[in-house]
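Novice: Numbering follows my numbering, in which position 96 of the sequence shown is assigned residue number 159; successive positions increment by one, without gaps.
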Amino acid sequence: MRVFVAGASGAVGTRLVAQLIDRGHEVIGTFRSPGHGERVGALGATPVALDLLDPRAVREAVLAAAPDAIVHQATALADLRDFKHFDRSFAQTNRLRTEGTDALLAAAAAAGVDRFLAQSYASALYARTGGFVKTEDDPLDPAPVPAMRETLAAMRHLDEAVTGAGGITLRYGGFYGAANDGLIAPVRKRLFPIVGGGGGVSSFIHLDDAAAATVLALERGRPGSYNVVDDEPAAVREWLPVLAEALGAKPPRRVPRWLARLVAGEAAVMMGTASRGASNAKAKRELGWTLRHPSWRTGFFAAYAPLRAPAGPEPRPAALPS
Ligand SMILES: NC(=O)c1ccc[n+]([C@@H]2O[C@H](COP(=O)([O-])OP(=O)(O)OC[C@H]3O[C@@H](n4cnc5c(N)ncnc54)[C@H](OP(=O)(O)O)[C@@H]3O)[C@@H](O)[C@H]2O)c1
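1. Please list, in chain order, all residues of the same chain as S152 whose beta carbon is under 8 Å from its beta carbon, the five residues on each side excluded.
2. When you compare only the Cα positions, how much space is there between A190 and S72?
3. Is the beta carbon of L126 sitting closer than 7 Å to the one on A174?
4. Bridge partners of E89, per DSSP?
5. Rounding to the nearest angstrom, what Cα-Cα distance links H88 and R65 in this structure?
6. Report the three-state DSSP secondary structure of H269 (helix, strand or coil).
7. Would the beta-carbon of V264 fall within 7 Å of that of G328?
8. Alpha carbon to alpha carbon, what distance is there between E123 and L116?
9. Comparing C-alpha positions only, which one of A344, S338, S342, T226 sits nearest to A206?
10. Helix, strand or coil for F149? Go by DSSP, reduced to three states.
11. Using a 10 Å radius around the Cβ and a threshold of 16 neighbouring Cβ atoms, would you call A330 buried or exposed?
12. Quick one: does the C-beta of L354 sit closer than 6 Å to a heavy atom of ligand 1?
13. Measuring alpha carbon to alpha carbon, tell me which of A346, R178, P315 ends up nearest A273.
14. Taking just the CA atoms, how far does L215 sit from A224?
15. Where do the ends of the beta strand (DSSP E) carrying T226 lie?
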């Protein structure tokens, strides 16, 4: 297939391009930041500079590429720090998920492209009632915390627009597997605490597994949504100490809800205490997807072993008994 990947230079985009090319697909990959075209070209794709917020440019780029399929992986989440003002931090990503999605869908219609996939996010998407592990049929959060309203509305828009047009949304877990993963610095500095009882549930996914599921969804997915998460949704109080250990950091602090609300805001309290995880049963069943990293429990150690501070000198072996 000839595949147009919007956001080919990003964390998941780069891995996706590499895997698509390995599978024999031809890739036109877009980038935004100067210099990132080389990254896309080095992977074997044809790089195209594109601002997804310029609908005319999007239409021209898609018509020129004449693809069989479009995959929307564009976000603006590098250097994300301020979770207290959640919607403000996500504002550009929200535009990419609304205006960017609409521009790509319009271009797809103009170019006669009927295969369309887009990136969404599983943790934080689902209603915070009932079970802690959600399937694709469960309702999206109807009443997001105020700090996340615009972000949830943008994800809902993306979901409805893409599936309404016969496309596929990929509701990924929290990405890990790269040296610049967002959780590394705060966990190392002990700035990511367990809030209250730490009962909020998260789902994770290694970037390589996320890319693999995306290739399969492109090749054989049915219109609708897929949770692209690992096998083990888990409460923060379970996974955070393991992540700290995998990074060679001290164990996380514990803080009461009121203090977390004051310092980090209501979105952080929600994610730490009430968010839901997701089930990958549908993606495994329908896509024939097998994970290289079925759980964060071992995945964190595999991913972060190269980042751990080198151990001191090897202890001298004890003298062998003669
Ligand atoms: N599910 C998750 O947990 C999740 C989801 C997304 C991101 N993240 C994390 O957030 C961090 C940053 O993600 P990232 O490395 O993928 O970078 P990013 O800054 O979020 O960019 C992603 C892609 O979108 C492109 N892009 C940005 N603005 C655009 C625009 N206006 N028009 C067209 N394309 C645009 C970028 O192009 P350029 O590279 O050229 O700027 C890049 O290809 C990573 O640690 C990642 O793991 C996590």
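Where is the CB? At the ideal position from N, CA and C, for every residue including glycine. From a predicted model like this one, the values you see are computed outputs, not experimental measurements.
Specialist: If we stick to the structure as given:
1. L143, R144, D145, F146.
2. 32 Å
3. A contact, by the Cβ cut-off of 7 Å.
4. R65
5. 6 Å
6. strand
7. no
8. 13 Å
9. Considering only A344, S338, S342, T226, the residue with the shortest C-alpha distance to A206 is S338.
10. helix
11. buried
12. no
13. A346
14. 14 Å
15. That residue, T226, is in no beta strand (DSSP E); its alpha helix (DSSP H) goes 212-227.
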